[in-house]
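A short worksheet on the structure shown next.
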Amino acid sequence: MEGGTSLFIQKFIQSPLQVGSLFPSSPALAEKMTTNINWQNINEAAELGAGTGVITRSIIKNMLPGTRLHVFEKDKDMRNRLQVNFPEGLYHEDASEIIKSLGSREGTLDAVFSGLPFSNFNKELRTKIVDEVYRSLRPGGILVAFQYSTLMKRTFQATFKEVDISFVPKNFPPAFVYLCEK
Ligand SMILES: C[S@@+](CC[C@H](N)C(=O)[O-])C[C@H]1O[C@@H](n2cnc3c(N)ncnc32)[C@H](O)[C@@H]1O
Numbered sequence: 003m004e005g006g007t008s009l010f011i012q013k014f015i016q017s018p019l020q021v022g023s024l025f026p027s028s029p030a031l032a033e034k035m036t037t038n039i040n041w042q043n044i045n046e047a048a049e050l051g052a053g054t055g056v057i058t059r060s061i062i063k064n065m066l067p068g069t070r071l072h073v074f075e076k077d078k079d080m081r082n083r084l085q086v087n088f089p090e091g092l093y094h095e096d097a098s099e100i101i102k103s104l105g106s107r108e109g110t111l112d113a114v115f116s117g118l119p120f121s122n123f124n125k126e127l128r129t130k131i132v133d134e135v136y137r138s139l140r141p142g143g144i145l146v147a148f149q150y151s152t153l154m155k156r157t158f159q160a161t162f163k164e165v166d167i168s169f170v171p172k173n174f175p176p177a178f179v180y181l182c183e184k
């Protein structure tokens with residue numbers, strides 16, 4: 003088994019609610035999270051809940067040279083692994099502190115990519131993170147988030163101007179990708 007996968011499974015067993023799935027995302031989900039995006043317009047972005055970096059790798063492959071990528075991962079071992087594998091990222095611990103991590107800048111990110119298991123969080127944490135994401139994005143900026151259900155549909159629709167949802171069956175568990183525009 004690939005090293006990232008065994009670390010991921012170990013972390014799921016330790017903290018199932020925080021990690022949210024037994025396996026890292028599939029290449030098909032990583033691909034879906036990073037297509038239909040105009041990378042020419044992305045100068046500064048964030049990824050929330052990067053895990054072992056399946057989606058990080060796809061973001062870095064697509065982003066233009068000079069793009070700043072803030073990577074948030076709460077688990078220290080996974081964050082250390084990400085830092086070694088993707089040294090071009092700027093690393094932070096907690097996705098509920100996006101604005102503080104950006105040096106109190108608001109409305110500056112062009113895109114936020116999220117693998118956070120929102121449905122496992124309590125309402126207060128969910129609301130706080132969605133609010134931080136919204137405030138961190140510029141007008142017209144996008145949130146691309148995967149979830150294993152459509153439970154976040156109403157929250158995203160109540161927050162963002164446009165919300166488009168697609169289904170990715172080739173993932174365990176199958177996933178929904180939300181593309182939300184501020
Ligand atoms: C479902 S996994 C997704 C991992 C990876 N993006 C992937 O697609 O394989 C969710 C990740 O979010 C992280 N996470 C949970 N709460 C977080 C928080 N408040 N801030 C940063 N990361 C968090 C977990 O540690 C876990 O690595």
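The opening residue of the sequence shown carries number 3 in the working numbering; numbering runs sequentially from there. Beta carbons: idealized from backbone N, C-alpha and C, even for Gly. Values in this document were obtained by computation on a predicted structure and should not be read as measured data.
Just how far apart, CA to CA, sit residue i and residue j?
i, j, result
"K155", "E4", "33 angstroms"
"G91", "F74", "10 angstroms"
"K78", "G6", "14 angstroms"
"L153", "L127", "15 angstroms"
"W41", "T129", "28 angstroms"
DSSP three-state label for residue i, please.
i, result
"R107", "coil"
"A48", "strand"
"S116", "strand"
"Y93", "strand"
"D166", "strand"
"Y180", "strand"
"F88", "coil"
"F148", "strand"
Compute the minimum distance between the beta carbon of residue i and the heavy atoms of ligand 1, and state whether it is under 7 angstroms.
i, result
"I57", "yes"
"E2", "Outside the shown range of the chain, which is 3 to 184, sits residue 2, and nothing can be said about it."
"D133", "no"
"G51", "yes"
"F74", "yes"
Are the CB atoms of residue i and residue j nearer to each other than 8 angstroms?
i, j, result
"L31", "A147", "no"
"L181", "N38", "yes"
"M80", "T58", "no"
"K13", "V170", "no"
Would you please verify whether the beta carbon of residue i is less than 8 angstroms from any beta carbon of chain B?
i, result
"D112", "No chain B is present in this structure, which holds just one protein chain."
- Message: Can you confirm whether the segment 24–31 touches the segment 74–88 when touching is taken to mean that 3 or more C-beta pairs between the two stretches lie within less than 8 angstroms?
- Response: no
- Task: Flag this pair as touching only if the segment 131–151 and the segment 159–167 have three or more C-beta atom pairs under 8 angstroms; answer yes or no.
- Result: yes
- Are the segment 106–118 and the segment 41–51 touching, with three or more C-beta to C-beta distances below 8 angstroms? yes
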